[in-house]
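Numbered per the working numbering, the sequence shown finishes at 1456, counting up by one with no gaps.
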Amino acid sequence: EFTRQVERLADLLPDANKEVLAGYLRRAGQEMLAIGQYIEDANNGSVRRD
């Protein structure tokens, strides 16, 4: 399920690294929250890589 969710995030955010998206999904726990957090960080130039 987690892998499928990461794939969906990658489909929506094709320029994002899958490993980075997986981190956002782990931290957020939900796809929509992960997308929002990633976009906000990307707009601020502070994408988390941990």
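Every residue, glycine too, gets a C-beta built ideally from N, C-alpha and C.
- Only residues of its own chain outside the window of five on either side were considered, and among them A1422, K1424 and L1427 have a CB closer than 8 Å to the CB of A1416, listed in chain order.
- Spatial neighbours of G1429 in its own chain (CB-CB distance under 7 Å, excluding positions within 5 residues in sequence) are listed in chain order as R1454 and D1456.
- For I1441 and F1408, the gap between their C-alpha atoms comes out near 14 Å.
- Secondary structure note for N1449: its alpha helix (DSSP H) is the uninterrupted segment E1437 to N1450.
- If you look at A1416, you'll find it in the alpha helix (DSSP H) that goes F1408 to L1418.
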